[in-house]
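Student: Residue numbers (the working numbering): 35 to 454. Cβ atoms here follow ideal geometry from the backbone N, Cα and C, with glycine treated the same way. Provided herewith is a single structure, encoded as structure tokens, for subsequent inquiry.
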Amino acid sequence: MDSFLIEGGVPLRGEVIISGSKNAVLPIMAATLLTAERCVIRRVPALTDVGYMSKILRSLGAEVILEDGTLTVRAAQLSGFGDYDLIRKMRGSICILGPLLARLHEARVSLPGGCVIGTRPIDLHLKGLRGLGAEVDTEGGYIRVHAAKLTGQMVFMGGRTGPTVLGTANILMAATLAEGVTVIESAACEPEIIDLAHFLIAMGAKIVGAGSPTITVTGVPALHGADHEVITDRIEAGTFAAAAVATRGEVMIHGARHDHLVAVLDKLREAGGEIVYCASGIKVSARADFKPVDITTMPYSGFPTDMQAQMMALACLANGTSIITERIFESRFMHASELMRLGADISIEGASAIVKGGRPMSGAPVMASDLRASAALVIAGLAASGKTQVNRVYHLDRGYERMELKLQKLGARIQRVEEE
Ligand code: EPZ
Numbered sequence: 035m036d037s038f039l040i041e042g043g044v045p046l047r048g049e050v051i052i053s054g055s056k057n058a059v060l061p062i063m064a065a066t067l068l069t070a071e072r073c074v075i076r077r078v079p080a081l082t083d084v085g086y087m088s089k090i091l092r093s094l095g096a097e098v099i100l101e102d103g104t105l106t107v108r109a110a111q112l113s114g115f116g117d118y119d120l121i122r123k124m125r126g127s128i129c130i131l132g133p134l135l136a137r138l139h140e141a142r143v144s145l146p147g148g149c150v151i152g153t154r155p156i157d158l159h160l161k162g163l164r165g166l167g168a169e170v171d172t173e174g175g176y177i178r179v180h181a182a183k184l185t186g187q188m189v190f191m192g193g194r195t196g197p198t199v200l201g202t203a204n205i206l207m208a209a210t211l212a213e214g215v216t217v218i219e220s221a222a223c224e225p226e227i228i229d230l231a232h233f234l235i236a237m238g239a240k241i242v243g244a245g246s247p248t249i250t251v252t253g254v255p256a257l258h259g260a261d262h263e264v265i266t267d268r269i270e271a272g273t274f275a276a277a278a279v280a281t282r283g284e285v286m287i288h289g290a291r292h293d294h295l296v297a298v299l300d301k302l303r304e305a306g307g308e309i310v311y312c313a314s315g316i317k318v319s320a321r322a323d324f325k326p327v328d329i330t331t332m333p334y335s336g337f338p339t340d341m342q343a344q345m346m347a348l349a350c351l352a353n354g355t356s357i358i359t360e361r362i363f364e365s366r367f368m369h370a371s372e373l374m375r376l377g378a379d380i381s382i383e384g385a386s387a388i389v390k391g392g393r394p395m396s397g398a399p400v401m402a403s404d405l406r407a408s409a410a411l412v413i414a415g416l417a418a419s420g421k422t423q424v425n426r427v428y429h430l431d432r433g434y435e436r437m438e439l440k441l442q443k444l445g446a447r448i449q450r451v452e453e454e
């Protein structure tokens, strides 16, 4: 398993280009199952999760070709049940349920396991599909959904922590081919849902309200192929912005969308970042002193849970106490104990982490546990003095395209140590 070897204390300087969004491209890849015609998706990031989703589409009988960031998919002959065990490995692939149900009138997938950040239930996905007329049963670790016909309905998708992103994606995709009008209430408002809706509309779907809590879909008999460029990854952009501030550097982040990062940039400024909006993105640097910040993660457009770990790494550097509360997932503080190995002082009180910043951070071997926790450890290693080895960076490769190469171009002393 590969690891990163980091020599910290070097300010990041220069320019970085943000890749396509992981959390937009995965549901969009699933949406190609809704038509037998050829779909072209551009600005596709080279991530292991994209590789997994490609394998699942191929196992269903689709032709999938990825060349230089352009993905061509043709799901002409879908062959029944695919290699659904991959779903256990990658939660994001649960969003093939809606398209398969709409196209084949049935689907069977393995129940997605939980992961380190939470149990990751799918009750809201199944509630929404039942609302459109699907029969749902589970047996032997599989979920099977069946519907001779999907009928438009009002479906309420709110859960105990607010909307569900991939649940909204599943219902949105199924509703495009349902008979009649579907109204999705308490829909997720994330930019990735808007991007999915743009792709579906390009395929001929009739959708109004994507990006708002109420999405109205008027079903059509069939969808056709489309050509779509995926939005840039707001979490990758936020991660590089946090790294630029943490290392007191100056980085031009091309492709960062200010409108997708309002909550993140607000907290980065509060913490000590200087943010300048430019035509192609944002230029990020740091003020002299870092300030503690209080953060509570919320559904979009609140502060995103996917930036919580990265901001915790930055909070370790501020003189003062920061309180970081995680309201979306039940156990998303795995990075705290590893940050403490680098010298941080963090205590967990229920859903909140109390970060007493200001102690000098020094390098040590640390273990990545999940995608965004890994990013937090890289940021901390870049800011700490001495050597940090981040182990199990396969977690990072799921959601960041060759992060070490992009950081090297910004002057970071980081290298990938490949281990068989
Ligand atoms: C998406 O996951 C993202 N993944 C996650 O990003 C992100 O953290 C999450 O949305 C929240 O923004 C992809 O888009 C591939 P949810 P998703 O359903 O859709 C509960 C990353 O680091 N819930 O919005 O699976 C759930 O337990 C990843 O890039 C139910 O209770 O998340 C959680 O507490 C991590 N029942 C909350 O809702 C359900 O049926 C939000 O989950 C579904 C979800």
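Mind checking Cys-312: buried by the 16 CB within 10 Å criterion, or exposed?
Tutor: Looking at its Cβ environment, which holds fewer than 16 other Cβ atoms inside 10 Å, Cys-312 is exposed.
Student: Of all the options Met-395, Gln-111, Val-189 and Met-346, which has the alpha carbon lying nearest to the alpha carbon of Leu-134?
Tutor: For the residues Met-395, Gln-111, Val-189 and Met-346, the minimum Cα distance to Leu-134 belongs to Gln-111.
Student: Buried or exposed, going by whether 16 or more other CB atoms sit within 10 Å of the CB of Ile-99?
Tutor: Per the 10 Å Cβ criterion, exposed.
Student: Taking only runs that begin and end inside the region 271-348, name each unbroken beta strand (DSSP E) of 3 or more residues, in chain order.
Tutor: Taking only runs of at least 3 residues, the beta strand (DSSP E) segments lying wholly in the region 271-348 are 284-288, 307-312, 315-320 and 328-330.
Student: Relative to the alpha-carbon of Phe-274, which residue among Tyr-176, Ser-319 and Ile-362 has its alpha-carbon at the smallest distance?
Tutor: Nearest of Tyr-176, Ser-319 and Ile-362 to Phe-274, Cα basis: Ser-319.
Student: Do the region 297-309 and the region 344-351 make contact, defined as three or more Cβ pairs closer than 8 Å?
Tutor: Yes, the region 297-309 is in contact with the region 344-351.
Student: Could you check the C-alpha separation between Glu-140 and Leu-91 for me, to the nearest Å?
Tutor: Approximately 16 Å between the Cα atoms of the pair.
Student: CA-CA distance, Gly-38 and Thr-216?
Tutor: Position check: residue 38 holds Phe in this sequence, whereas Gly was assumed. Rounded to the nearest angstrom, the two C-alpha atoms are 47 Å apart.
Student: Taking the continuous beta strand (DSSP E) assigned at Asp-171, which residues delimit it?
Tutor: Run containing Asp-171: 169-173, per the beta strand (DSSP E) assignment.
Student: Go ahead and pull the three-state DSSP assignment for Leu-411.
Tutor: The answer is helix: DSSP assigns Leu-411 an H, G or I state.
Student: Would DSSP call Ser-12 helix, strand or coil?
Tutor: Because the chain is modelled from 35 through 454, residue 12 falls outside the range shown and cannot be assessed.
Student: Kindly provide the ranges of any alpha helix (DSSP H) runs that are 4 or more residues long and lie completely inside the region 105-163, ordered along the chain.
Tutor: As far as the region 105-163 is concerned, its whole alpha helix (DSSP H) runs of at least 4 residues are 119-123 and 131-138.
Student: By Cβ distance below 6 Å, which residues in the same chain neighbour Asn-204 in space, the five residues on each side in sequence not counted?
Tutor: Cβ neighbours of Asn-204 beyond the five flanking positions: Cys-129, Leu-131, Gly-132 and His-159.
Student: Is any non-hydrogen atom of ligand 1 found closer than 6 Å to the C-beta of Gly-126, if you look at the structure I gave you?
Tutor: Yes - ligand 1 has a heavy atom lying nearer than 6 Å to the Cβ of Gly-126.
Student: When burial is assigned at 16 or more other CB atoms within 10 Å of the CB, is Lys-440 buried or exposed?
Tutor: Answer is buried; the Cβ neighbour count reaches 16.
Student: Is Val-199 helix, strand or coil when you go by DSSP?
Tutor: Helix.
Student: Assuming contact is defined by CB atoms lying nearer than 7 Å, are Glu-360 and Arg-366 in contact in what I supplied?
Tutor: Cβ atoms of Glu-360 and Arg-366: closer than 7 Å.
Student: Is the distance from the Cβ of Ile-362 to the Cβ of Ala-387 below 7 Å?
Tutor: No; because the gap between Cβ atoms is not below 7 Å, this pair is not in contact.
Student: Less than 7 Å between the C-beta atoms of Gly-214 and Gly-186, yes or no?
Tutor: Contact flag set, yes.
Student: Where DSSP assigns a beta bridge to Gln-187, which residues make up the other side?
Tutor: Per DSSP, none; premise fails for Gln-187.
Student: By Cβ distance below 7 Å, which residues in the same chain neighbour Lys-390 in space, the five residues on each side in sequence not counted?
Tutor: Same-chain partners within the cutoff: Thr-355 and Asp-379.
Student: Measuring only the C-alpha atoms, how far is Ser-381 from Ala-109?
Tutor: Near 50 Å, if we compare the C-alpha coordinates of Ala-109 and Ser-381.
Student: Any heavy atom of ligand 1 inside 6 Å of the beta-carbon of Arg-432?
Tutor: Not so, every heavy atom of ligand 1 lies at least 6 Å from the Cβ.
Student: Just to check, is the beta-carbon of Pro-146 closer than 6 Å to a non-hydrogen atom of ligand 1?
Tutor: Answer for Pro-146: no, Cβ out of range of ligand 1.
Student: Within its chain, find whatever has a CB closer than 8 Å to the CB of His-429; leave out the 5 residues flanking it on each side and keep chain order.
Tutor: Counting only Cβ-Cβ distances below 8 Å, and skipping sequence neighbours, we find Ala-402, Ser-403, Asp-404, Leu-405, Ala-407 and Ser-408.
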